[in-house]
Amino acid sequence: MTITPIIGLEVHIELKTKSKMFCGCDAQHFHAQPNTHTCPVCLGLPGALPVPNKTACEWTIKLGLALGCSINEETFFERKNYFYPDLAKGYQITQLQKPFAINGHLTIDGHDIRINRAHQEEDTGKSIHVGDETLLDFNRSGVPLVEIVSEPDITSAGEAKIYLNKIQQIVRYLGVSDADIEKGSMRCEPTVNLYVDGKYYTPLVEIKNVASLTGVMNAINFEIDRQTKQFESDHVEKNSTNKTTRGWDADKNQTFLQREKEGSADYRYFPEPDIPPIVFTKDQIETIRATLPELPDQKIAKYKSLNLSDFDANLLAEDLVFSSIFDKVLNGSTDPEYAKFITNLLIGPLKTISLDIKKIKPDYFQKLFSRRSDLSSTIIKQLILESYQSDTDPLEIAKAKNLFQVSDTGAIEELAKQVITDNPKAVNDYKKNPLSIGFLVGQLMKVSGGSANPQLAKQLLEKLLS
Amino acid sequence: MSDLNKLTIKEAREGLLSKKFSSKELVVDCLSQIKKNASNLNTFVTVCEKESIKSAETADISKPLGGIPVAVKDNFLTLGIRTTASSKLLDKYIAQYDATVVAKLKSAGAIIIGKTNMDAWAHGSSTETSDFGPTKNPWDITRLPGGSSGGSAAAIAADEAIISVGSETAGSIRQPASWSGVVGFKPTYGRVSRYGIIAMKSSTDSPGPICKTVDDAAEVLGIISGHDPFDATSIDEVSWIKPSPLTSLKGIKLGLPLSYFSPQTKPEVKTTILAAAETLKKLGAEIIELSDVLDPKYSIAVYTILQRSEVSSNLARFDGIRYGHDRSYFSEEAKRRIMLGTYSLSAGYYDAYYLKAQKVRTLICQDFDKHFTRVDAMISPISPTTALPVGATKGQSMFGEIQDQLVEPSSIAGLAGISIPCGFDNNGLPIGLNIMAPQLREDIVYQIAKIFEDNTEYHLQRPNL
């Protein structure tokens, strides 16, 4: 049996707007006292009406543009009618027919994952089950969400992970959400089935309650395996009524059946009469496009053009703050040697502390670069860290501490002679094995306080001992 | 002084400002009139006796409606006051906030005297389908006041308040005003905020005043209108300002749509409306017969489909978890509408019903647009008949839709309109004149209504209670 997994992902991104989607309540609900961020609108009280949050709409368009989507100039909201205790109005305001953004894509390892749509909707409240009781918290009710729906172009759990990482990275670059899966500000629902022997499709399975990136991968892999075995035993193919929903149990590392016959759900969508159609003109859309930062893929391409390795380029582009610091230091330079030099400093000593971009001085890096032949790499690393922390010119520090490498043959020769006298055992070792010269060089560097040019030190030691 | 309850805004304000009487006396007279008629008329679901007297004691009469008692339809949320929409499902529901209209009335100094009866959830045109019993017509208590704002219209006709507010989705202000012989001003959709009014058919719900005179209605409309940031469908316009009245209608073209006089129209209604047209002609208007206006009967199906669809969704929030009662407390009519709307929105039927109805709605709007290039306003009967007897709605699930067919097209198109008293039938029951104008042309509606009222005396006649 040849198996090709077919995976589509629905991703919900909670926007970090100040206020909720349709009212003025504080949208920040994480760890807030239950039912404190509520009003008649998000409690769905009689007579209350939704008024759309303009920023949320603009952010959805922004995210759509970053995902390569076309933007519908005229959109409207719709009601999705269903009953659930934490759904205050008995319907969710969402978009079906005319989402803000359609037909985008993300490129993963050279191939495109098509994005069907990115639409705007409101979050529901939360049901909290305590023993036999269910408590309702409406703090989350009405928080703006963007739902990003991919086409089923993903073929492995690994690819799904890359796709999700990319979305997370883009969302964070745009600053529209924390996209934190553990906190629920990014949620993923994979739909998985299999293409068997180039002929058969297994029934669709939507997986819910996945609360981590590892969970997404494990759930997908579990489903691929489970569906393979299932198809071997029952040979049931996909049809319009046998889609099922399965929950993910992270403890048992398996999915379990939640709902059958998904195809029969009827949400009775119709245009939301409380909100007039929303129009964004071409100009307004272009204005939003102009606010897009350089996106991760563009950054990576730029870094690679500076001859940085794939690994370094990805590492630098990982988050917007870090890559912005890099770009600030790079300061438009196209010198691959300089790029590599600052990469080593940023990924090296500076990676361990949290950097404030405002305190970063590109000229400190440039000065160190220009004197790199007079300073050992260890010293350069120390100097960049110290200069950042004390906001002092690194060359001043080097001068004050006398850290410039001594390339004066006479001075180093004096030190070399001393090292030879002080280390008779090492000298003997060297005579038996010339490769052990490193120890003596090290000793020389030590007595010079790191200032000796190591190449010169080695040459002089070899000369004196020959 | 006695009978203060019979006053108009202007008269009441003059009396208050010249200290002839106090706001408390005004309120007390209204309360005693309410009490006197309570068993006969059943106009109120909740009477705010103590609260209104207390408010009257501290009323700021310098405000435009300072110390004036207002009767509020029971689908407007009123902070701290029971708000039921005349449904038993909400018989214990105390509103948590004020509807924008209520807040505006309060800040203009008005005093809420009580919450008026209506068809439960505004589903009807009789006020007979209230879960709190029918309201009776003050002109003949064996008859219905019309609806759904029947409590507000009857309260004004019976002088139980100085002013009232109601809401119209398709006739619910104008039709009870017509049957009860008072003035009902239905503003352009979006002119008055819907925030805090229990939603019926969200896409046409229009709150508006029901009063004793055209000027009172215009006064109240000025106060309750204006853009509301809490209602996304509210029009971005400042409050409406009543213009200075005209002395002649010279230059104004009034359309008389012949399709609004169907064979079912009661003969006295037809002759009365034609006589009103004649009066307006004498006042300077040019009357133009319009033979090709879309037959209003098409709006019945459009309204029915769209209304049921929106109702099925709007009433979903009363899910049995909150508000004290479960869904078994919905009356037959509400259940019927929820089921029909659920059906018309269902997959496979949506295109055939909801979408088609929306398309016909567009045609109705376009038809009005076309005719309003030729005339400034149109006049017609409000209702093909006058007040029908109590019991007329029994077994008639389409009662309202059929009764309201002459006001449904203009409601569906979101137009401005008014019903003013223009005569009586052979039984002495009031007949209302419907004046319809394009969106945001309340000024034309007002001018025609005002000059008609100034030159006739129908509005001065009161029922014998």
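So the sequences go chain by chain: Y and B.
Residue 46 is where the first sequence starts when you use our numbering, and the numbers rise one by one after that.
Residue -13 is where the second sequence starts when you use our numbering, and the numbers rise one by one after that.
Glycine residues also receive a C-beta, built at the ideal position from the N, C-alpha and C atoms.
All values reported here derive from a predicted model rather than from experimental measurement.
Integer-rounded CB distance, given that residue j should sit under 8 Å from residue i
i      : j      : result
B/V431 : B/A363 : 7 Å
B/S158 : B/G152 : 6 Å
B/Q425 : B/P282 : Between B/P282 and B/Q425 the Cβ distance is about 18 Å, and since that is not below 8 Å, they are no contact.
Y/V464 : Y/L485 : 6 Å
B/T442 : B/T265 : 7 Å
Y/N238 : Y/E196 : Contact doesn't hold; Cβ gap of about 13 Å is too wide.
Residues of its chain near residue i, where Cβ-Cβ distance is below 6 Å and the 5 sequence neighbours each way are ignored
i      : result
Y/S115 : I147, N148
Y/F386 : F414
Y/I269 : P50
Y/A202 : M262, I265, N266
Y/D157 : H150
Sub-8 Å separation of residue i and residue j beta-carbons
i       : j      : result
B/P416  : B/S164 : yes
B/P162  : B/P131 : yes
B/A254  : B/D411 : For the record, residue 254 of chain B in the displayed sequence is Glu; it is not Ala. In this structure, B/D411 lies closer than 8 Å to B/E254 by Cβ.
B/S397  : B/T155 : yes
B/S9    : B/L3   : no
Y/I193  : Y/E167 : no
Y/Q272  : Y/T247 : yes
Y/A362  : Y/L375 : no
B/T44   : B/P375 : no
Y/K288  : B/R303 : no
B/A140  : B/P124 : yes
B/L292  : B/K380 : no
B/K(-4) : B/Y315 : no
Y/D321  : Y/K373 : Rather than Asp, the amino acid found at residue 321 of chain Y in this sequence is Pro. No, Cβ-Cβ distance for Y/P321 and Y/K373 is not below 8 Å.
B/P449  : B/A24  : no
Chain B residues whose Cβ lies nearer than 8 Å to that of residue i
i      : result
Y/I51  : Residues of chain B passing the Cβ test: none, with the nearest at roughly 25 Å.
Y/I320 : A218, T219
Y/P79  : None at all; the shortest Cβ gap to chain B is about 16 Å.
Residues near residue i in its chain [Cβ-Cβ closer than 7 Å; skip 5 each side]
i      : result
B/E387 : I286, Y289, T290
Y/P79  : D182, N184
B/A455 : Since the first residue of chain B shown is -13 and the last is 451, residue 455 of chain B is not available in this structure.
B/A399 : I350, C351, F354
Beta-carbon neighbours of residue i, restricted to chain B and to distances below 7 Å
i      : result
Y/L94  : R180, Y181, F216, D217, A218
Y/A133 : R303
Y/E348 : Looking at the sequence provided, one finds Tyr at residue 348 of chain Y rather than Glu. Result: empty, since nearest Cβ-Cβ is about 45 Å, beyond 7 Å.
Y/P97  : A218
Partner residues on chain Y for residue i, Cβ-Cβ distance less than 9 Å
i      : result
B/R347 : Correct list: empty, because the minimum Cβ distance to chain Y is about 12 Å.
B/Y315 : Under the 9 Å cutoff, chain Y gives no residues; its nearest Cβ is about 14 Å from B/Y315.
Partner residues on chain Y for residue i, Cβ-Cβ distance less than 8 Å
i      : result
B/E43  : The contacting residues do not exist; B/E43 stays about 29 Å from chain Y at best.
B/Y340 : F315
B/Q82  : P85, L90
Cβ shell of residue i (< 8 Å), same chain only, five flanking positions each side left out
i      : result
B/L63  : T69, A81, Q82, Y83, D84, A85, V88, G182, I183, I184
Y/T47  : V241, D242, G243
Y/L512 : Because residue 512 of chain Y is not part of the residues shown, which for chain Y are 46 to 511, the question remains open.
B/K356 : none
Partners in chain B for residue i, counting only beta-carbon separations shorter than 9 Å
i      : result
Y/N126 : S298, S299, A302, T328, L331
Y/P130 : D305, I307
Chain Y residues whose Cβ lies nearer than 7 Å to that of residue i
i      : result
B/L63  : P91, G92
B/I184 : P91, G92
Residue i beta carbon near the ligand FMN (any heavy atom closer than 7 Å)
i     : result
B/G53 : This structure lacks the ligand FMN, and indeed carries no ligand of any kind.
ask   = On the three-pair Cβ rule with 8 Å, is the stretch 292 to 307 of chain Y touching the stretch 249 to 263 of chain Y?
value = yes
inquiry  = Taking contact to mean 3 or more Cβ pairs, one atom from each stretch, closer than 8 Å, check whether the stretch 73 to 90 of chain B and the stretch 164 to 184 of chain B are in contact.
reply    = yes
ask   = Does the stretch 357 to 373 of chain B touch the stretch 239 to 246 of chain B, meaning 3 or more C-beta pairs lie closer than 8 Å?
value = yes
ask   = Three or more beta-carbon pairs under 8 Å between the stretch 92 to 109 of chain B and the stretch 22 to 34 of chain B, yes or no?
value = Taking 8 Å as the limit for Cβ pairs, the verdict is that the stretch 22 to 34 of chain B does touch the stretch 92 to 109 of chain B.
query = Is the stretch 292 to 303 of chain B in contact with the stretch 325 to 341 of chain B, if contact means three or more CB pairs nearer than 8 Å?
reply = yes
inquiry  = Within 8 Å, do at least three Cβ pairs link the stretch 2 to 20 of chain B to the stretch 51 to 61 of chain B?
reply    = yes
key: Contact the stretch 62 to 69 of chain Y vs the stretch 95 to 109 of chain Y: 3+ CB pairs below 8 Å   = yes
message = Whether or not the stretch 207 to 216 of chain B and the stretch 229 to 238 of chain B are in contact is what I'm after, with contact meaning three or more pairs of Cβ atoms, one per stretch, closer than 8 Å; do they touch?
response = no
ask   = Are there three or more Cβ pairs, one per stretch, closer than 8 Å when the stretch 415 to 434 of chain Y is compared with the stretch 387 to 399 of chain Y?
value = Result yes; three or more Cβ-Cβ pairs closer than 8 Å.
request  = Check whether the stretch 110 to 121 of chain B touches the stretch 133 to 141 of chain B, counting contact only when three or more Cβ pairs, one atom from each stretch, lie closer than 8 Å.
outcome  = yes
query = Does the stretch 328 to 336 of chain Y come close enough to the stretch 188 to 207 of chain B that 3 or more CB-CB pairs lie under 8 Å?
reply = Touching, no, given that fewer than three Cβ pairs across the two stretches are closer than 8 Å.
query = For the 8 Å Cβ check, are there 3 or more pairs between the stretch 53 to 60 of chain Y and the stretch 82 to 94 of chain Y?
reply = No, the stretch 53 to 60 of chain Y does not touch the stretch 82 to 94 of chain Y.
task = Report yes or no: do three or more beta-carbon pairs, one from the stretch 109 to 125 of chain Y and one from the stretch 311 to 327 of chain Y, lie closer than 8 Å?
result = Judged by pairs of C-beta atoms under 8 Å, the stretch 109 to 125 of chain Y touches the stretch 311 to 327 of chain Y, as three or more such pairs exist.
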